[in-house]
Amino acid sequence: MNKEIILEAAAQIIRQKGFHATSMQDIADAVNLQKASLYHHVSSKQEILLVLLDQALDMLTERLRLVIQEDLPADEKLRQAMKTFLQILTEHSDLVSVLLLEHRSLDAEFHTQHIARRDRFERLWRDMIQEGIDSGIFCAYDPALTARALLGVMNWTVTWYRSTGPLPVEAITDHMLNLFLFGLLTRPPERLAK
22 MNKEIILEAA
32 AQIIRQKGFH
42 ATSMQDIADA
52 VNLQKASLYH
62 HVSSKQEILL
72 VLLDQALDML
82 TERLRLVIQE
92 DLPADEKLRQ
102 AMKTFLQILT
112 EHSDLVSVLL
122 LEHRSLDAEF
132 HTQHIARRDR
142 FERLWRDMIQ
152 EGIDSGIFCA
162 YDPALTARAL
172 LGVMNWTVTW
182 YRSTGPLPVE
192 AITDHMLNLF
202 LFGLLTRPPE
212 RLAK
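Here is the structure:
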């Protein structure tokens, strides 16, 4: 038995039951271990949660950095970043669901570590948006707020997306990007154009 198998099972169970309703016995049963044997691989449920959160953020951050390094116009870079994010979200749905829905379950000692990592990830989005502002492609007054709004829209996908649904990830990405870049209005009304 290796730790990766335990973590995969834990992510699946935590996504299904929630962190607080998941027991170490649930995880041990899922990987056919005695509960005592599970503790040879992990020290606590909190450790499992922190490792899962770190894995998810590290994967997202690494893939986002690759997109950011590409020599693309800001709008295309944003599209590629969104596509990458949504692909990871759908391909690793258990892991990313734990990241997005259970991070508040961390104890205070682990929470500080996690927040620093999360802030670095958010900063990559903020910097990408700032790059678009600086190049004249984007018009946003607050890159941090813009990044959080975009992440909020994409993060919520984890609650409703189904691989058997009518739209593939690419179509969802394009729809979200168009909505985010161009909004709902066909042209600004007089009251907003001032």
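If you count by this note's numbering, then the sequence shown holds residues 22 to 215, one letter each, in order. Glycine residues also receive a C-beta, built at the ideal position from the N, C-alpha and C atoms. If you're wondering where the values come from, they're calculated on a predicted model, not measured in any experiment.
### Query
Between the beta-carbon of Arg-147 and the beta-carbon of Ala-165, is there less than 7 Å?
yes
### Query
Is it the case that the Cβ atoms of Ala-168 and Ile-193 are separated by a distance below 7 Å?
no
### Neighbourhood of Thr-105 by C-beta distance below 6 Å, restricted to the same chain and skipping five residues each side
Arg-84, Val-88
### Query
If we count the other Cβ atoms within 10 Å of its Cβ and call it buried at 16 or more, is Glu-91 buried or exposed?
exposed
### Query
What do you get for Ala-137, buried or exposed, if any count of 16 or more other CB atoms within 10 angstroms of its CB means buried?
exposed
### Query
Secondary structure at Pro-164, three-state DSSP: helix, strand or coil?
helix
### Query
Can you tell me whether Ser-64 is buried or exposed, with buried defined as 16 or more other CB within 10 angstroms of its CB?
exposed
#### Entry: Alpha-carbon to alpha-carbon, Asp-75 and His-135
7 Å
#### Entry: Euclidean distance between Cα positions of Leu-122 and Met-103
19 Å
### Task
Express the C-alpha separation of Gln-46 and Lys-66 in angstroms, rounding to a whole number.
10 Å
### Contact set for Phe-40: own chain, Cβ-Cβ below 7 Å, skip 5 residues either direction
Leu-70, Glu-123, Ser-126
### Task
Given a cut-off of 7 Å, decide if Ala-77 and Gly-153 are closer than it, judged by their beta-carbon atoms.
no
### Message
What ranges does the beta strand (DSSP E) occupy inside the region 81 to 167, keeping only unbroken runs of at least 3 residues that lie completely in it?
### Response
none
### Task
Within the same chain, show all residues whose beta-carbon is closer than 6 Å to that of Ser-156, passing over the 5 residues directly before and after it, in chain order.
Ala-95
#### Entry: Range covered by the alpha helix (DSSP H) that runs through Ala-32
24 to 38
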